[in-house]
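A.B. asks: The opening residue of the sequence shown carries number 1 in full-length UniProt numbering; numbering runs sequentially from there.
Ideal placement from N, C-alpha and C gives every residue a C-beta, glycine not left out.
Please read these numbers as outputs of a predicted model, since none were measured by experiment.
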Amino acid sequence: MKSTIISRSITTIGNYDSSLKDNPAPLPDVVSRIKFKRLDKTARNIMQILDQEAVEEVKAQREIPEIKPGYIIQLKVETPENKRRISTFKGIVIARRNAGLNTTIRLRRLITGIGVKSLFPL
1 MKSTIISRSI TTIGNYDSSL KDNPAPLPDV VSRIKFKRLD KTARNIMQIL
51 DQEAVEEVKA QREIPEIKPG YIIQLKVETP ENKRRISTFK GIVIARRNAG
101 LNTTIRLRRL ITGIGVKSLF PL
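1. Would T103 and L119 be called neighbours here (beta carbons separated by less than 8 Å)?
2. Between the C-alpha atoms of L50 and R44, what's the straight-line distance to the nearest angstrom?
3. What residues are listed by DSSP as bridge partners for S32?
4. Are the segment 88 to 103 and the segment 65 to 73 in contact at 8 Å, needing three or more beta carbon pairs?
5. Give me the Cα-Cα distance between F36 and K117, rounded to the nearest whole angstrom.
6. For P65, list the residues DSSP reports as bridge partners.
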């Protein structure tokens with residue numbers, strides 16, 4: 001029995017045509033990869049841009065105060081359940097959650113000796 005050994009080699013030096021003539025087997029075609037971004041990442045990026053634009057628009061319309069934890073503040077809130085009566089809340093800011101348009105502060109106050117935490121949007 002006769003054994004035949006075929007070897008393939010790709011070189012970067014020299015003439016490519018001569019290496020192809022020596023090699024009887026054709027090289028397989030390599031499919032190039034197509035890169036694309038994941039849709040959830042691009043949608044998230046678009047939503048962040050829209051949120052930043054909305055925050056800038058609100059800042060242009062009205063001034064948003066710089067409230068930090070530890071400040072003692074007094075809020076006047078109009079509650080629709082009480083026939084548009086204005087309620088006053090006074091307490092200490094214990095937390096601030098920065099989330100663009102949905103930024104909130106957590107206010108702790110005492111009502112008849114009981115500590116109450118309230119969440120207010122900015």
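C.D. replies: On the basis of the supplied data:
1. Cβ atoms of T103 and L119: not closer than 8 Å.
2. About 10 Å.
3. DSSP output for S32 lists no bridge partner at all.
4. Yes, since at least three Cβ pairs between the segment 88 to 103 and the segment 65 to 73 fall closer than 8 Å, the two stretches touch.
5. Roughly 47 Å separates the two Cα atoms.
6. None, per the DSSP bridge assignment.
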